[in-house]
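Visitor: Here the numbering used here runs 108 ahead of the position in the sequence shown, where the first position is 1.
The following block contains the structure, expressed as structure tokens.
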Amino acid sequence: MTKAITLARSVSAGGAIRLAELAANGNNTAGLRAPDALSNDITWKLPIQDGQVNQALITDGSGNLSFANAGISAGKAIAMAIVFGG
């Protein structure tokens, strides 16, 4: 990765990214924070477009994020009900 920026390194907490709301609406923020311990560096690549209604952000295990339908399909739910007696 080129031109990386490391933010908020501290001995008491992982680094964080904070995005402020519109100043006219207050001073709250939304943020992402790194875990306090990592076994390796990790970078997630965001998708190029927003997802559809009821989709969730998922990973392929290699750091690439995409949107996919959340939950399980009706067929899988029926199969689980049969197997587990639901």
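By construction, the Cβ of each residue, glycine as well, lies at the ideal position given by its N, Cα and C atoms.
Which runs of the alpha helix (DSSP H), 4 residues or longer, sit entirely within the stretch 125-164?
Guide: none
Visitor: Answer yes if the stretch 121-133 comes into contact with the stretch 149-156, meaning at least three C-beta pairs across the two stretches below 8 Å, and no otherwise.
Guide: Counting Cβ pairs under 8 Å, fewer than three are found: no touch.
Visitor: Look at residue 177 and residue 164 and say whether their C-beta atoms are less than 9 Å apart.
Guide: yes
Visitor: Report back the beta-carbon spacing between residue 140 and residue 156 to the nearest angstrom; my notes put them in contact at under 8 Å.
Guide: Residue 140 to residue 156, Cβ: 19 Å. No contact.
Visitor: Could you tell me the alpha carbon to alpha carbon distance between residue 137 and residue 190, rounded to whole angstroms?
Guide: Computed Cα separation, rounded: 45 Å.
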